[in-house]
Ligand code: ZN
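Numbering (our numbering), first residue to last: 515 to 926.
Rendered as structure tokens:
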């Protein structure tokens, strides 16, 4: 087991840890630890909500969640010798929930429309929650019967600190979007917010300044951040652009499993746990690897680890709204329709709307853009591995064309 570089105590806020982490992005949040390139280390993480969700049978904690605390991140880790323009190579070596009966669980939530919402919040506006038991590589839930699947564990959120210029650009463009409809519920984007900002060891006027400028952690951005890519799993190698001295790598939001799209927003199997990483440095790597265009993002080499599911039931969706409005080449609408079609089908198999919604969000579902050129409709598709169900899930009562009885032909 690699040396822990960042430790957490469960039940304590990220602000009160021995070395506190953070929940905003800013280049001036002080490093919580440092390491040399060429080393492996362990990072411990709280769940993304700072421990606000309990292993119980009520969704009130999801409904009443203080979103201002999210996401709590471990770090930043200062990598000695890293400079702007370098590429930080990060190997994801291992990860998991903290071992023990009290800690090997996770949760998936549907946020209420009034407090966060989600991809299908117009259809499912009320808070719901499923608790998952994590046993080895498998997840099961007392709240969603007859389902058992293999998780693809990954950090939902990982990236290096932005430079002051990059941060200013994020704040500029996101505020411009918010200004187009400032009263929208849920909001179009989240501006910097001092309330419940956790900024490492900063205090006094420096805390106030950084809290007033620090970007919220919700969206993915050029540095990676909250990309929620399920395949960023154990065995992956990620190439991160470096924007500040020491790179200042931070991460959190560990997921035991997630479907493509993480549609319910609190949509993975969220957990506290540990992750083992190795870091290396490529000097001048951004230029070398063509990562200098303004909208560049990290890239990664895919792990060889993936659940071996081979039977899928696939749902399709096009860019037409539920009320029949034709949208032009809109992948967001097309994927929504694929999800709604899948949920409607799963209801015929005995699941409730919200059980199906959470299942599509948390299980290893594949989501694809199948066609994005055929005007006016994008076609998105959603692949559900049928082996995750312990009840019949393929369409039943299809007339069979295969003879069911008979004997071998014999000579006369
Ligand atoms: Zn998450």
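Where is the CB? At the ideal position from N, CA and C, for every residue including glycine.
Own chain partners of residue i with C-beta closer than 6 Å, once the 5 adjacent residues on each side are dropped
i           : result
residue 612 : 787
residue 691 : 702 and 703
Exposure label - residue i; buried when at least 16 CB within 10 Å
i           : result
residue 918 : exposed
residue 642 : buried
residue 784 : buried
residue 731 : buried
residue 943 : The requested residue 943 does not occur in the structure, where the chain is confined to residues 515 to 926.
residue 937 : Nothing can be reported for residue 937: it is not among the residues displayed for the chain, which extend from 515 to 926.
residue 538 : buried
residue 886 : exposed
residue 687 : exposed
Nearest residue (CA-CA) to residue i, options the options
i           : options               : result
residue 974 : 736, 740 and 524      : Any question about residue 974 goes unanswered here, given that the chain covers just 515 to 926.
residue 673 : 753, 831, 530 and 861 : 753
residue 782 : 760, 604, 644 and 581 : 644
residue 756 : 709, 806, 826 and 766 : 806
residue 903 : 780, 658, 777 and 703 : 658
residue 809 : 887, 883 and 680      : 680
residue 527 : 569, 588 and 801      : 588
residue 627 : 910, 836, 926 and 636 : 636
residue 620 : 895, 780, 920 and 829 : 780
residue 676 : 540, 856 and 711      : 540
residue 576 : 745, 518, 668 and 778 : 778
residue 822 : 763, 736 and 900      : 900
residue 536 : 763, 825 and 883      : 763
residue 569 : 623, 865, 913 and 590 : 623
Reduced DSSP secondary structure (H/G/I, E/B, other) of residue i
i           : result
residue 564 : coil
residue 762 : coil
residue 668 : strand
residue 895 : strand
residue 751 : strand
residue 695 : coil
residue 726 : helix
residue 846 : helix
residue 739 : strand
residue 882 : strand
residue 863 : coil
residue 801 : helix
residue 790 : strand
residue 809 : coil
Sequence-distant residues of the same chain with beta carbon closer than 8 Å to residue i, five excluded per side
i           : result
residue 594 : 548, 549, 550, 551 and 760
residue 828 : 895, 896, 897 and 898
residue 834 : 840, 841, 847, 851 and 891
residue 803 : 601, 753, 796 and 813
residue 921 : none
Own chain residues within Cβ distance below 7 Å of residue i, not counting five before or after
i           : result
residue 794 : 551, 552 and 603
residue 837 : none
residue 726 : 706 and 708
Below 8 Å, how does it come out for the segment 811-818 and the segment 652-665: are there three or more Cβ pairs, yes or no? Here the segment 811-818 does not lie against the segment 652-665, with fewer than 3 beta-carbon pairs under 8 Å apart.
When you compare the segment 739-747 with the segment 720-727, are there three or more beta-carbon pairs, one atom per stretch, that lie closer than 8 Å? No: fewer than three Cβ pairs fall under 8 Å.
Validate contact between the segment 685-698 and the segment 552-569 using beta carbons, cut 8 Å, 3 pairs: By the Cβ rule, the segment 685-698 does not count as touching the segment 552-569, because fewer than three pairs are nearer than 8 Å.
The segment 888-903 touching the segment 837-844, judged by at least three CB pairs closer than 8 Å: Proximity of the segment 888-903 to the segment 837-844 meets the contact definition, three or more beta-carbon pairs being nearer than 8 Å.
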